[in-house]
Amino acid sequence: MAAPKLGNCPKCRKLYLRIRDICEDCYQKQEDDYLKVASYLREYPGTTLQELSEETEVSVANIRHFIIIGRIITAHFPNLSYPCETCGNMIKSGKTCSTCRKKIDQLTKNNENSDIISDVKLAGGYITKYLD
Numbered sequence: 002m003a004a005p006k007l008g009n010c011p012k013c014r015k016l017y018l019r020i021r022d023i024c025e026d027c028y029q030k031q032e033d034d035y036l037k038v039a040s041y042l043r044e045y046p047g048t049t050l051q052e053l054s055e056e057t058e059v060s061v062a063n064i065r066h067f068i069i070i071g072r073i074i075t076a077h078f079p080n081l082s083y084p085c086e087t088c089g090n091m092i093k094s095g096k097t098c099s100t101c102r103k104k105i106d107q108l109t110k111n112n113e114n115s116d117i118i119s120d121v122k123l124a125g126g127y128i129t130k131y132l133d
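Under the working numbering, think of the first position of the sequence shown as 2, with each following residue one higher.
Structure representation (structure tokens):
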């Protein structure tokens, strides 16, 4: 097993032993924030993201992080949605809406196809690898 390394916490920049992604102090704060949010949601399941943030004094970004990593399941809370990172449409899971995901997938597919075409041109017109 490799020994843990030293690093700077990405949240507070404090030097810490890398056991987690963040230092122990930030981890404790994150856990406290989660408990506040979870408790408030149990009491008021119809709340919106903005109301939840204001009432618990937990940032929208932190609440969104809890949703993205699966600690808060938005299916249980009908009014809990947040903006898509790409277009701003309201979504209940992930980072992007289905429309933006389709566009990203299409762009990725087009980019892969252009890579294959450039490989064929480099090989003198011969296909040098199998296509899926």
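Virtual Cβ for every residue (Gly too), placed ideally from N, Cα, C.
Three-state secondary structure (DSSP) of residue i
| i | result |
| --- | --- |
| I73 | coil |
| I105 | helix |
| I64 | helix |
| Y83 | strand |
| V38 | helix |
| E58 | coil |
| Y45 | coil |
| C27 | helix |
| T97 | coil |
| D22 | coil |
Nearest-angstrom beta carbon gap, residue j and residue i [assumed within contact, 8 Å]
| i | j | result |
| --- | --- | --- |
| F67 | Y35 | 6 Å |
| S1 | K93 | In this structure the chain extends from 2 to 133, so residue 1 is not present and cannot be described. |
| P5 | L18 | 5 Å |
| C27 | K37 | Not quite, the Cβ-Cβ distance comes to about 15 Å (not below 8 Å), so this is no contact. |
| Q31 | I20 | Actually they are not in contact, since the Cβ atoms of Q31 and I20 sit about 14 Å apart, beyond 8 Å. |
Residues bridged to residue i (per DSSP)
| i | result |
| --- | --- |
| Y17 | G8 |
| I92 | Y83 |
Interface flag, residue i vs chain C, CB-CB below 8 Å
| i | result |
| --- | --- |
| P84 | Protein chain content of the structure displayed is limited to a single chain, and chain C is not contained in it. |
Legend entry - Validate contact between the stretch 43-53 and the stretch 77-85 using beta carbons, cut 8 Å, 3 pairs: yes
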